[in-house]
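In what follows, a single structure is set out as structure tokens and then discussed.
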Amino acid sequence: MLTLKELHVHNVTSSYADGGLGLPAISPFDGIIMAAAATHIPQALLDQLAVGGRMVLPLGAQEQALHLVERDAQGFRESRLETVKFVPLLMGRA
0 MLTLKELHVH NVTSSYADGG LGLPAISPFD GIIMAAAATH IPQALLDQLA VGGRMVLPLG
60 AQEQALHLVE RDAQGFRESR LETVKFVPLL MGRA
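In structure tokens, the structure reads:
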């Protein structure tokens, strides 16, 4: 398996931390994609979403749905997209 460096991909930042906290030091972000289901939208991630930005995340415990959150100058708009099943978002290393 090739690494991102070997593939000459230089515009990606990775971090080993609690995904629900995001990466405030390098925010705001135009896009955020979560690959684990949260029970609610983490406020830290909303705070890090740029105006005009979009976030896609699974929400729920037993019953889950993929949601789209869009931020504009007036605030946030949330749309339910599709029923899904993801692993749960767990608290991690800060």
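Here numbering that gives the first Met the number 0 is used: position 50 in the sequence shown is 49, and no number is missing along the way. Where is the CB? At the ideal position from N, CA and C, for every residue including glycine.
Exercise. Does the distance from the CB of D29 to the CB of A49 come in under 8 Å?
Worked result: Cβ atoms of D29 and A49: closer than 8 Å.
Exercise. What residues match up with D112 in a beta bridge as DSSP calls it?
Worked result: Any question about residue 112 goes unanswered here, given that the chain covers just 0 to 93.
Exercise. Taking the alpha carbon of E62 as the point to measure from, which residue in T38, G21 and A24 has its own alpha carbon closest?
Worked result: Comparing Cα positions, the closest option is T38.
Exercise. First and last residue of the alpha helix (DSSP H) that includes L89?
Worked result: For L89, there is no enclosing alpha helix (DSSP H), as DSSP marks it with neither H nor E.
For this session: Run through the segment 11-45 for me and flag every whole beta strand (DSSP E) of 3 or more residues, listed as ranges in chain order.
Result: If only uninterrupted beta strand (DSSP E) runs of at least 3 residues are considered, those enclosed by the segment 11-45 are 28-32.
For this session: Measure the CB-CB distance between A36 and F75 and report whether it falls below 8 Å.
Result: No, they are not a contact pair.
Exercise. Given that a residue counts as buried once 16 or more other Cβ atoms are within 10 Å of its Cβ, and exposed if not, what is M0?
Worked result: M0 should be labelled exposed.
Exercise. Once you ignore the five residues that flank A64 on each side, which residues in its own chain have a CB closer than 8 Å to its CB?
Worked result: Hits under 8 Å: P57, L58, R79, L80, E81, T82 and V83.
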